[in-house]
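Q:
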């Protein structure tokens with residue numbers, strides 16, 4: 078984390094300015110702004126975003142361990158499929174702790190085709206289990222992207238099992 082701010086007031090809509098020191102590390106930064114209470118209190122953080130490619134998994138093959146150890150870290154897994162395949166996202170051994178008191182630990186997952194023209198899945202997941210994604214509808218490579226929610230840190234094994242076509 079490069080800089081952080083927390084504040085707000087329920088009766089005014091001010092513009093907040095976040096002082097950011099000189100950025101000494103080359104990379105991609107993101108600004109995370111999130112409500113922290115119902116009365117308008119906001120939190121903002123400037124984060125160095127780092128992306129790690131964990132490699133490939135095969136549909137119905139063993140998964141890869143996603144380990145998020147700090148805010149701003151993203152990990153990616155690639156898999157290949159055909160347009161008529163029905164698949165699921167499987168999480169095993171979900172073990173994350175929140176970095177924000179009062180918030181539930183979670184991991185944001187998005188699954189896109191390789192050129193990011195088709196979103197297959199997007200959700201915050203908070204436990205082990207399977208989530209149906211349905212038919213891929215296009216063939217080729219797909220990328221699973223995972224990053225923490227509310228500063229959550231921990232690990233989970235991610236795999237892509239097939240499923241029977243649904244009618």
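In this note's numbering, the protein residues as written are 78 to 244. Ideal placement from N, C-alpha and C gives every residue a C-beta, glycine not left out.
1. Return helix, strand or coil for residue 174, following the three-state DSSP convention.
2. From what residue to what residue does the beta strand (DSSP E) around residue 157 run?
3. For residue 181, count neighbouring C-beta atoms within 10 Å of its own C-beta (all shown protein chains included) and say buried if the count is 16 or more, exposed if not.
4. Would you kindly report the start and end of the unbroken beta strand (DSSP E) that includes residue 210?
5. Is residue 187 near residue 222, with beta carbons less than 7 Å apart?
6. Taking 7 Å as the threshold (C-beta atoms), are residue 213 and residue 158 in contact?
7. Out of curiosity, what's the CA-to-CA distance linking residue 234 and residue 140?
8. With burial defined as no fewer than 16 other Cβ atoms inside 10 Å of the residue's Cβ, what is the status of residue 226: buried or exposed?
9. Considering just the uninterrupted stretch of the beta strand (DSSP E) at residue 188, what are its terminal residues?
10. With distances taken from CA atoms, which of 229, 126 and 152 is nearest residue 183?
11. Based on the DSSP output, what are the partners of residue 222 in its beta bridges?
12. Out of curiosity, what's the CA-to-CA distance linking residue 200 and residue 166?
13. I'd like to check one pair, residue 130 with residue 147: are the Cβ atoms closer than 7 Å?
14. Is residue 137 helix, strand or coil by DSSP?
15. Could you check what DSSP says for residue 144 in three-state terms: helix, strand or coil?
16. To which residues does DSSP link residue 108 through a beta bridge?
17. Which value, in whole angstroms, describes the spacing of the CA atoms of residue 168 and residue 134?
A: Taking the structure as given:
1. The DSSP-derived three-state label of residue 174 is strand.
2. For residue 157, the enclosing beta strand (DSSP E) covers residues 150-158.
3. That one is exposed.
4. Taken as a continuous stretch (DSSP letters only), the beta strand (DSSP E) holding residue 210 covers 206-212.
5. Going by C-beta atoms, residue 187 is nearer than 7 Å to residue 222.
6. In this structure, residue 158 lies near residue 213, with their beta-carbon atoms less than 7 Å apart.
7. In a straight line, the C-alpha of residue 234 is about 6 Å away from that of residue 140.
8. Per the 10 Å Cβ criterion, buried.
9. The continuous beta strand (DSSP E) containing residue 188 extends over residues 183-190.
10. That would be 229, whose Cα lies nearest to the Cα of residue 183.
11. For residue 222, the pairing in a beta bridge is given by DSSP as 153 and 187.
12. Residue 166 has its alpha-carbon roughly 11 Å from the corresponding atom of residue 200.
13. At a Cβ-Cβ threshold of 7 Å, residue 147 and residue 130 do not count as neighbours.
14. DSSP, read as helix, strand or coil, puts residue 137 in coil.
15. Look at residue 144 here: in three-state DSSP terms it is strand.
16. Beta bridge pairing from DSSP links residue 108 with 123.
17. A direct Cα-Cα distance of roughly 13 Å separates residue 168 from residue 134.
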